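Peer 1: Numbering (the working numbering), first residue to last: 236 to 538.
1) Alpha carbon to alpha carbon, what distance is there between residue 339 and residue 297?
2) Are there 16 or more other CB atoms within 10 angstroms of the CB of residue 275, so buried, or fewer, so exposed?
3) Given a cut-off of 8 Å on the beta-carbon distance, is the pair residue 498 and residue 459 in contact?
4) By DSSP, does residue 293 sit in helix, in strand, or in coil?
5) Could you tell me which of 479, 277 and 433 sits nearest to residue 508, measuring between CA atoms?
6) Tell me which same chain residues have a C-beta within less than 8 Å of the C-beta of residue 244, skipping the five on either side of it?
7) Could you say which of 516, 454 and 409 lies nearest to residue 530 if we only look at CA atoms?
8) Tell me residue 510's beta-bridge partners as DSSP assigns them.
9) In whole angstroms, give me the CA-to-CA distance for residue 484 and residue 312.
10) Looking at residue 466 and residue 496, is the spacing between their C-beta atoms short of 8 Å?
11) Which residue marks the beginning of the beta strand (DSSP E) containing residue 352, and which one marks its end?
12) Grouping DSSP H, G and I as helix and E and B as strand, with all else coil, what is residue 530?
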């Protein structure tokens with residue numbers, strides 16, 4: 236097992252996830268992981284540098300992780316997996332491959348679907364270009380799904396850790412102490428007391444809007460200074476932060492088996508969670524050191 240580098244809270248491993256997670260050394264992590272938060276390669280039609288399969292090969296590949304994930308997760312642990320949208324080659328219709336792969340993973344792992352989330356990237360460029368920009372027969376694709384799975388129906392979770400700031404109108408309502416309670420046209424009866432409690436914030440919805448437009452960051456600057464290629468499919472740190480805070484406590488263990496530039500690990504470190512990152516590309520690992528202010532000369536070791 237090749238250890239790329241370590242920090243006070245985590246370890247970055249170099250190698251394919253299917254190799255690292257089946258090695259004898261990985262046994263130390265069995266039933267120790269509270270959250271698997273990851274974005275695996277999408278089943279895209281155009282081959283990407285970071286690697287992606289397609290068709291039944293993609294489904295079989297993703298399903299192979301079901302028993303591995305189950306062995307690693309604590310009884311009340313969670314999996315949050317981002318599944319991007321894809322299209323049929325040369326045709327203006329969407330592919331169901333990602334959904335079929337997700338359902339196969341759920342079935343083979345006997346995981347429960349706790350909730351689905353949507354990440355809306357409000358700054359995403361119009362795509363697919365042929366159908367959206369050229370022929371003008373489709374709308375731009377601006378979101379991806381994140382699926383929350385667990386071995387149990389009641390995984391560890393607390394939405395009080397991800398409350399958002401009250402709206403101006405809600406803050407005024409709390410100050411005034413007056414609310415138009417009573418029966419609504421929907422036949423719901425809303426009591427006044429329930430809407431006048433200050434719970435230190437509002438419960439967020441399962442639609443998360445985050446623009447992914449970062450053009451300058453410590454990570455990108457580090458890659459430029461050291462002549463490294465940044466990972467092309469980076470997620471915003473705020474997305475990882477939301478789920479890590481929602482589903483874990485300090486010192487819990489977070490795993491990203493397809494780490495890329497290791498956004499998950501860096502966010503976990505900042506939130507004082509232990510972390511494990513697995514990445515097959517040595518170049519992406521080299522760039523990820525910039526997220527932890529590490530010397531690029533730090534070499535790999537084998538354990």
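Heads up, the beta-carbon is just placed ideally off N, CA and C, and yes, glycines get one too. Quick caveat, the model's predicted, so the values are computed rather than measured.
Peer 2: Well, looking at it:
1) Here residue 297 refers to the residue found at position 62 when the chain shown is read from its first residue. Here residue 339 refers to the residue found at position 104 when the chain shown is read from its first residue. Cα to Cα, residue 297 sits roughly 8 Å from residue 339.
2) The residue given as residue 275 occupies position 40 in the chain shown. Burial call: buried.
3) The residue given as residue 498 occupies position 263 in the chain shown. The residue given as residue 459 occupies position 224 in the chain shown. No. Outside cutoff.
4) What you label residue 293 is simply residue 58 of the chain shown in a count that begins at 1. Reduced to three states, the DSSP call for residue 293 is helix.
5) As a first step, residue 508 is located in the chain shown; it is residue number 273 there, counting from the start. Of 479, 277 and 433, the smallest CA-CA separation from residue 508 is found for 479.
6) In the chain shown, residue 244 corresponds to position 9, counting from 1. The residues are 503, 504, 507, 508, 509 and 510.
7) Here residue 530 refers to the residue found at position 295 when the chain shown is read from its first residue. The shortest C-alpha separation from residue 530 is found at 454.
8) Your numbering for residue 510 matches position 275 in the chain shown. Paired residues: 245 and 489.
9) If you number the chain shown from 1, residue 484 lands on position 249. If you number the chain shown from 1, residue 312 lands on position 77. Their Cα atoms are separated by approximately 12 Å.
10) One-based indexing of the chain shown puts residue 496 at position 261. One-based indexing of the chain shown puts residue 466 at position 231. Closer than 8 Å, so yes.
11) Translated into positions along the chain shown, residue 352 becomes position 117. Taken as a continuous stretch (DSSP letters only), the beta strand (DSSP E) holding residue 352 covers 347 to 355.
12) The residue labelled residue 530 in the question sits at position 295 within the chain shown. The answer is coil: DSSP assigns residue 530 none of H, G, I, E or B.
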